[in-house]
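Asks: Just so we're aligned, residue 1 is where the sequence shown starts under our numbering, counting upward by one. Below: one structure in C-alpha cells.
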Amino acid sequence: MSEEPPQSAASEDSVVTPLRKRYEAFTQARDSVPRLALCVGDGVVSILYYEIGDILYDGIKDEVSFAIRDRHDVKISGGNLRRIFSAIHVQECLLVQEFDARRFLPPGNANDPFVERIELSEPKPKAAKEA
Numbered sequence: 001m002s003e004e005p006p007q008s009a010a011s012e013d014s015v016v017t018p019l020r021k022r023y024e025a026f027t028q029a030r031d032s033v034p035r036l037a038l039c040v041g042d043g044v045v046s047i048l049y050y051e052i053g054d055i056l057y058d059g060i061k062d063e064v065s066f067a068i069r070d071r072h073d074v075k076i077s078g079g080n081l082r083r084i085f086s087a088i089h090v091q092e093c094l095l096v097q098e099f100d101a102r103r104f105l106p107p108g109n110a111n112d113p114f115v116e117r118i119e120l121s122e123p124k125p126k127a128a129k130e131a
C-alpha cells in the first residue's frame, strides 16, 4: 500500500505564495540608461528618460515627482527616497517598484528606500495648435 501525502492544515481560503524575495525599491545601473520602468500594482510603465521633465524631491513629504512630456504627472511616495531621486536625476535608475507584501519580504534595513505608492496621472489633453 502506498502512503498518501500529509494534508495541509491550511484552509481553502488561504493564499499560497511562491517564495518571496527581500524588497528593493529600485534598481540602479552603473551607467546612464535610456528607459525608466515603473512597476505600479500588477503593471509596468516604461518611460524614455528624454521624455522626463524637471524632477523634484520633497524632503518633508519624502516624495519624488516629475512630468512626462507635459502629458502625465508621476508622484512616488514612501520613505528614504533621496537615493531614488538621485538615480533618476542622473538617468541611472532602471526600475522603481511599489512594495507589495504578497510578493516581497519587508526591506532588510530601516534606512533602505521604500515606495509605498506610485501615482501616474491620467493623460492631459493635447493643447490645441494655434493657426
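We put the CB at the ideal spot given by N, CA and C, even for glycine. Every value quoted in this text rests on a predicted model; they were computed, and no experiment measured them.
Counting C-beta neighbours from all protein chains within 10 Å, is the total for residue 135 16 or more, i.e. buried, or is it exposed?
Replies: Because the chain in this structure spans residues 1 to 131, residue 135 falls outside the shown range and cannot be described.
Asks: Does the region 26-35 come within contact of the region 82-96, defined as at least 3 CB pairs closer than 8 Å?
Replies: Verdict: yes, contact present.
Asks: Buried or exposed: residue 50, going by 16 or more other Cβ atoms within 10 Å of its Cβ?
Replies: Looking at its Cβ environment, which holds fewer than 16 other Cβ atoms inside 10 Å, residue 50 is exposed.
Asks: Specify, as a first and last residue, the run of the beta strand (DSSP E) that residue 30 falls within.
Replies: Premise fails: residue 30 is in no beta strand (DSSP E) and is neither H nor E.
Asks: Just confirm the distance between the C-beta atoms of residue 119 and residue 75, as a whole number of angstroms; I'd bet it's less than 8 Å.
Replies: Rounded, the Cβ-Cβ distance is 4 Å, consistent with contact.
Asks: Scan the region 30-116 and note each continuous alpha helix (DSSP H) run of 4 residues or more that stays entirely inside, going in chain order.
Replies: Listed in chain order, the complete alpha helix (DSSP H) runs (minimum 4 residues) inside the region 30-116 are 82-89.
Asks: So residue 80 and residue 106 are in contact, right, with Cβ under 8 Å, and what is the actual spacing, rounded?
Replies: 13 Å between Cβ atoms; not a contact.
Asks: Contact defined as beta carbons within less than 8 Å: I believe residue 78 pairs with residue 62. What is the distance between those atoms, to the nearest angstrom?
Replies: The pair is a contact, with the Cβ atoms about 7 Å apart (cut-off 8 Å).
Asks: Residue 70: which of 54, 83, 84 sits nearest, CA to CA?
Replies: If we check each option's Cα against that of residue 70, 54 comes out closest.
Asks: Given this structure, state the Cα-to-Cα distance separating residue 43 from residue 116, to the nearest angstrom.
Replies: Each residue's alpha carbon lies about 15 Å from the other.
Asks: Under the assumption that residue 47 contacts residue 60 (Cβ atoms under 8 Å), give the Cβ distance between them as a whole number of angstroms.
Replies: Between residue 60 and residue 47 the Cβ distance is about 26 Å, and since that is not below 8 Å, they are no contact.
Asks: DSSP state of residue 120, grouped into three classes?
Replies: In the structure shown, residue 120 sits in a strand (DSSP, three-state: E or B).
Asks: What's the call for residue 38, buried or exposed, on a 16-neighbour Cβ count within 10 Å?
Replies: Buried, by the Cβ-count rule.
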